[in-house]
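Residue numbers (numbering that gives the first Met the number 0): 0 to 248.
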Amino acid sequence: MNGRISMSSDYGSTWTGFPTDLVQMPNLAHINSITKNNSEFWAGTERGIYLLPQYYPLSTWIPWHSGLVSGEFTVVRAMLEKNGDIFAGANSGVYKLNGSTWVPKSTGLTNTNVTALKSVGAYLIAGTSGGSTGGVFISSDNGENWALSKPDAWVTSILTVGSTIFVGSFGDGVWRSANYGSTWGQINDGFSSSAYYVMSLGADGQYIFAGTNNANVWRRSLSQVTGVESQPSLQPETFSLKQNYPNPF
0 MNGRISMSSD YGSTWTGFPT DLVQMPNLAH INSITKNNSE FWAGTERGIY LLPQYYPLST
60 WIPWHSGLVS GEFTVVRAML EKNGDIFAGA NSGVYKLNGS TWVPKSTGLT NTNVTALKSV
120 GAYLIAGTSG GSTGGVFISS DNGENWALSK PDAWVTSILT VGSTIFVGSF GDGVWRSANY
180 GSTWGQINDG FSSSAYYVMS LGADGQYIFA GTNNANVWRR SLSQVTGVES QPSLQPETFS
240 LKQNYPNPF
């Protein structure tokens, strides 16, 4: 099976292959995450990491697995660029690119099945799968050391708006921290019980959006959840039906 990334220059009306329809990534089951550093594009997949050195029609995706514990068989669910450094979140922990090699940066992670990566200010944030050893981890030294900030959470996505951190979880809805992970509170008022399975988070400057596994997208005004404690009900924004496959976990 081949993997393909597509791009749109007209707000999603039409799509073309990135860089072309003929150039694909080999042997991929699923493309999970993309980040950009200057002219470089990095893609995390179910079969390792791929690099597109720069975008032009004849560019090709290059496998970049050196240093990953399981090489091309490493599942990489998150890619992050921070101040020129490239980080990868995989099923074997966090990695940082050093030259042409990925170097493990998992000290302090009590769960190394990393599902999400984000940065806010001087901090890195990593989310992992659930269980008593998993949750949200914070690093204040660019990934050298990690500390558990929010335990017992199965993290699916992380969103930052200003200095506020939002975490989507599988079964617990949305968590929020306004103090860089020192304390956390849920913002689930209005969700149905099935909506607690949040698969993705996004924001557009006015609203925060939560996509759930029951085929709904929910929205809420950012002004209500960034520094303001009032929590009125959420309402569905739109509906769509999708096959719940593949399971990203």
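Glycine included, each C-beta is placed from N, C-alpha and C at the ideal position. From a predicted model like this one, the values you see are computed outputs, not experimental measurements.
Contact set for residue i: own chain, Cβ-Cβ below 7 Å, skip 5 residues either direction
i      : result
PHE17  : ILE4, SER5, MET6
THR15  : SER5, MET6
VAL135 : ILE124, GLY126, SER148, LYS149, ALA152, VAL154, VAL166, GLY180
THR13  : SER7
TYR49  : MET24, ALA42, TRP60, ILE61, PRO62, TRP63
Paired residues, beta bridge with residue i - DSSP
i      : result
THR15  : MET6
TYR54  : According to DSSP, TYR54 bridges with nothing at all.
GLU253 : Only positions 0 to 248 of the chain appear in the structure, and residue 253 is not among them; the question remains open.
ARG46  : Looking at the DSSP assignment, ARG46 forms no beta bridge with any residue, so it has no partner.
PHE86  : LEU79, LYS95
SER138 : LEU123
GLN196 : Contrary to the premise, residue 196 reads as Tyr rather than Gln in this sequence. For TYR196, which the question treats as bridged, DSSP gives the partners PHE169.
GLY201 : PHE208
Cβ neighbours of residue i in the same chain (closer than 6 Å, five flanking residues each side left out)
i      : result
TYR10  : none
THR132 : THR109, ASN110
ALA177 : THR163
Integer Cβ distance of residue i from residue j, believed to fall under 8 Å
i      : j      : result
GLY66  : TRP41  : That pair is no contact at about 14 Å.
VAL75  : GLY98  : Actually they are not in contact, since the Cβ atoms of VAL75 and GLY98 sit about 18 Å apart, beyond 8 Å.
LEU116 : VAL160 : No, LEU116 and VAL160 are not in contact; Cβ-Cβ is about 17 Å, not under 8 Å.
GLY167 : VAL197 : 4 Å
TYR94  : LYS104 : 6 Å
GLY142 : THR114 : That pair is no contact at about 16 Å.
THR106 : SER91  : In fact, because the Cβ distance is near 14 Å, the residues do not count as touching under 8 Å.
Where the beta strand (DSSP E) through residue i begins and ends
i      : result
PHE165 : 163-168
ALA115 : 113-119
ILE186 : Counting along the chain, ILE186 falls outside any beta strand (DSSP E), and DSSP gives it neither H nor E.
LYS149 : 146-150
LYS81  : 75-81
THR155 : 154-160
TRP174 : 172-176
TRP63  : It is not in any beta strand (DSSP E) - TRP63 carries neither H nor E in the DSSP assignment.
VAL102 : 100-103
Contacts around residue i, its chain only, beta-carbon distance under 8 Å, and the 5 residues preceding and following it disregarded
i      : result
VAL227 : Low local confidence applies: a pLDDT of 41 at VAL227 is under 50, so the model's placement there is unreliable, with the coordinate-based value given in what follows. So no residue of the chain qualifies.
VAL224 : THR163, PHE165, ARG175, ILE186, ILE207, GLN230
GLY70  : GLY47, HIS64
Any non-hydrogen atom of the ligand MN within 7 Å of residue i CB
i      : result
ALA177 : Annotation note on the ligand MN: not contained in the displayed structure, which lists no ligands.
**Prompt:** Is the segment 187-196 close to the segment 205-215, with three or more CB pairs under 8 Å?
**Reply:** yes
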